[in-house]
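**Q** Shown below is the structure under consideration.
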Amino acid sequence: MPHLHIKEFKEIELPAVYDDVRFNFIANNVNHSDEKLISTSFEGEDFFLLVKEEENRSLLKTDKLTRPASIHNVHRALLAYAKLADLEIIASNVPEAKKNIHLQEETALKKIDYFANNFPTDKEVRIEVGFGSGRHLLHQAANNPDVLFIGIEIHRPSIEQVLKQSVIQKLDNLLVLDYDARLFMELVPSNIVGAIYVHFPVPWDKKPHRRVISTSFIEEARRVLKVGGTLELRTDSENYYAYSYETFIAFNKTTLHINKNRDIAVSSKYEDRWKKMEKNIYDVTMINDELSDALEINGDFTFSECKLSYEEIIALNDKTFKFEDGFIHVERVYKTKEGAMLRLSMGSFDRPEHLYLIVADGELRYYPELPLKSRSNLRAHKHLNEVLNG
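Under my numbering, think of the first position of the sequence shown as -6, with each following residue one higher.
As structure tokens, then:
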């Protein structure tokens, strides 16, 4: 992750602008004085820079929750604040070079609101969850030009490599998203997806709630898949295979195909390595047999006036509020010049959303953007509104 090690962090009068990067305000963690967040805006993206003050030096990097889609924007913001505040840089992995020419030309990288506001439905869609090296995704897109491929990945180097290759190969049927695939599935329209690929997901043997394959994920897959569409799991983990098979077969009606050590047209470098080690590869393919009802999600994320005092807001730190099928957890509380800010995790237990809520002059707003408009998030918002109304 891009970062600067600096001798000493210096606050400056905000708002301020340097090299077209705007710095809006600073939020201070009320429980950990060594942590600060700097609200930043650049090229239409709003995000936080994170300051961690350490012994004899400080660390300046991007905040993980609000990390912008473009890594170039992170580089630009880090260097802009350092120059604006005249920080002494001890060590850095941030290049001063211009934006990668391939990323300047690409239009494949999308933010979640692109799909939330107007999901593309003019052609068949196929989705790959966690595309890694991108070999399979790029191969599929190149060989199926009339199909729209959506690749979902959170590993930045993998994203950048696929974006670069999409430009080199002139693929205009490939979109890339840095987001939680489990949440993404909740906004996909019904009956438009031809295939969902989940190839070699992290097994999460010690944290099974983080697995991609789950009852709720399969339910959403069945909804979004066309009749005859497939959800394809490919894994080298015997535990993940067994768990997934039991999860699939628990449905009252399902059609599954099971394969062991099946060859496919293209394989990842890891799969090639595992084959040399003579590890078994398992495939579980679910075929959708039913037409689903159209997706309907009603509601919005408007707030009533906050009736809690500043002290009552601060006291929410580390509080958890549970409701049917979901929860709200206040992970951290920050003090700002205008009021307070909460870092939240909210929504369903197995696929929560993480975001910030700014409280200023009795008004409330999510930052840097609204939550994904899903049924679980709307339920969580309703309960959050009730909490903040006392």
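The beta carbon of each residue, even a glycine, is placed where N, CA and C say it ideally should be.
Mind listing, in chain order, the continuous beta strand (DSSP E) runs of no fewer than 3 residues lying wholly within the stretch 285 to 352?
**A** Runs of the beta strand (DSSP E) inside the stretch 285 to 352: 313 to 316, 319 to 328, 332 to 340.
**Q** Counting Cβ pairs, one atom from each stretch, are 3 or more of them under 8 Å apart for the stretch 140 to 156 and the stretch 331 to 341?
**A** Counting Cβ pairs under 8 Å, fewer than three are found: no touch.
**Q** How many whole angstroms separate the CB atoms of A134 and N166, which I take to be in contact at a CB cut-off of 8 Å?
**A** Contact holds; Cβ gap of about 6 Å.
**Q** Which residues mark the beginning and the end of the alpha helix (DSSP H) in which N252 is found?
**A** Run containing N252: none in the alpha helix (DSSP H); it sits in the beta strand (DSSP E), 248 to 253.
**Q** Exposed or buried, which one is L284 when buried takes at least 16 other CB atoms within 10 Å?
**A** Per the 10 Å Cβ criterion, exposed.
**Q** Determine whether the beta carbon atoms of N396 and K219 lie at a separation below 8 Å.
**A** Because the chain here runs from -6 to 383, residue 396 falls outside it and cannot be looked at.
**Q** Taking buried to mean at least 16 other C-beta atoms within 10 Å of its own C-beta, is Q158 buried or exposed?
**A** Looking at its Cβ environment, which holds 16 or more other Cβ atoms inside 10 Å, Q158 is buried.
**Q** Starting from the Cα of Y107, find the closest Cα among K163, K268, L363, Y349 and give me that residue.
**A** It is L363.
**Q** Might you give, ordered along the chain, the residues of its own chain that have their beta carbon closer than 7 Å to the beta carbon of F40, omitting 5 neighbours on each side?
**A** Closer than 7 Å at Cβ, skipping near neighbours: T33, T55, D56, T59, R60, P61, P361.
**Q** Our contact map puts E213 next to E179 with C-beta atoms below 8 Å; I'd like the distance itself, whole angstroms only.
**A** Contact holds; Cβ gap of about 6 Å.
**Q** Classify A258 as helix, strand or coil using the three-state DSSP reduction.
**A** A258 falls in the coil class under three-state DSSP.
**Q** Alpha carbon to alpha carbon, how far is D265 from R255?
**A** When rounded, the distance between both Cα atoms is 13 Å.
**Q** What residue range does the alpha helix (DSSP H) around T240 cover?
**A** 231 to 242 is the span of the alpha helix (DSSP H), which, as asked, contains T240.
**Q** Applying the criterion that 16 or more other CB atoms from any shown protein chain within 10 Å of the CB defines a buried residue, is T208 buried or exposed?
**A** T208 should be labelled exposed.
**Q** Assuming contact is defined by CB atoms lying nearer than 8 Å, are V23 and K330 in contact in what I supplied?
**A** It is not a contact, given that the beta carbons lie outside the stated cut-off.
**Q** In whole angstroms, what is the alpha-carbon distance linking I206 and V186?
**A** The alpha-carbon atoms of I206 and V186 are separated by roughly 17 Å.
**Q** Between the alpha carbons of L80 and L348, how many angstroms are there, rounded?
**A** C-alpha separation (whole angstroms): 29 Å.
**Q** In angstroms with no decimal places, state the Cα-to-Cα distance between A84 and F16.
**A** So the two alpha carbons sit approximately 23 Å from each other.
**Q** State yes or no: is the C-beta of V44 within less than 8 Å of the C-beta of K29?
**A** In this structure, K29 lies closer than 8 Å to V44 by Cβ.
**Q** Just tell me which of E153, D173, N137, P182 has its CA closest to the CA of L164.
**A** When only C-alpha atoms are compared, the closest one is N137.
**Q** Would you report the Cα separation of Y190 and N245, rounded to the nearest angstrom?
**A** About 23 Å.
**Q** Going residue by residue through the stretch 29 to 88, where are the continuous beta strand (DSSP E) segments of at least 3 residues, counting only ones entirely within it?
**A** Fully enclosed beta strand (DSSP E) runs of 3 or longer: 38 to 47, 50 to 55, 82 to 85.
**Q** May I ask you to report which of helix, strand or coil DSSP gives Y275?
**A** Residue state, collapsed to three classes: strand.
**Q** Tell me where the alpha helix (DSSP H) around R216 begins and ends.
**A** First-last of the alpha helix (DSSP H) with R216: 208 to 217.
**Q** For a quick check, are the C-beta atoms of L71 and L(-3) less than 8 Å apart?
**A** Yes; because the gap between Cβ atoms is below 8 Å, this pair is in contact.
**Q** Might you give, ordered along the chain, the residues of its own chain that have their beta carbon closer than 7 Å to the beta carbon of V277, omitting 5 neighbours on each side?
**A** So the list reads L226, Y234, S237, Y238, F241, L249, I251, once near-sequence residues are dropped.
**Q** Considering only C-alpha positions, which residue in the set Q162, G222, A78, S230 is nearest to V195?
**A** Looking at the Cα atoms, S230 is the closest of the given residues.
**Q** Could you check the C-alpha separation between E4 and D27 for me, to the nearest Å?
**A** The alpha-carbon atoms of E4 and D27 are separated by roughly 13 Å.
**Q** Just to confirm, is the Cβ distance from N281 to G355 under 8 Å?
**A** Their beta carbons are not under 8 Å apart, which means N281 does not touch G355 by this criterion.
**Q** Note down, in chain order, each residue of its chain lying with its Cβ closer than 8 Å to the Cβ of V395, except the 5 sequence neighbours on either side.
**A** Nothing about residue 395 can be reported from this structure: the residues present for the chain run from -6 to 383 only.
**Q** On a Cα-Cα basis, can you pick out the residue from E48, G319, D139, E153 that is closest to S367?
**A** The residue with the shortest Cα to Cα distance from S367 is G319.
**Q** Please name the residue, chosen from H68, F177, A373, that lies closest to T313 on a Cα-to-Cα basis.
**A** The residue with the shortest Cα to Cα distance from T313 is A373.
**Q** Taking the alpha-carbon positions, what's the Q342 to K76 distance?
**A** Note on identity: in this sequence residue 342 is Phe, with Gln being the wrong assignment. Using only the alpha carbons, I get a separation of about 42 Å.
**Q** Residue ranges of each alpha helix (DSSP H) run of no fewer than 4 residues wholly in the stretch 143 to 189, ordered along the chain?
**A** Whole alpha helix (DSSP H) segments, 4+ residues: 149 to 161, 174 to 177.
**Q** Mapping the DSSP letters down to three states, classify N382 as helix, strand or coil.
**A** Residue state, collapsed to three classes: coil.
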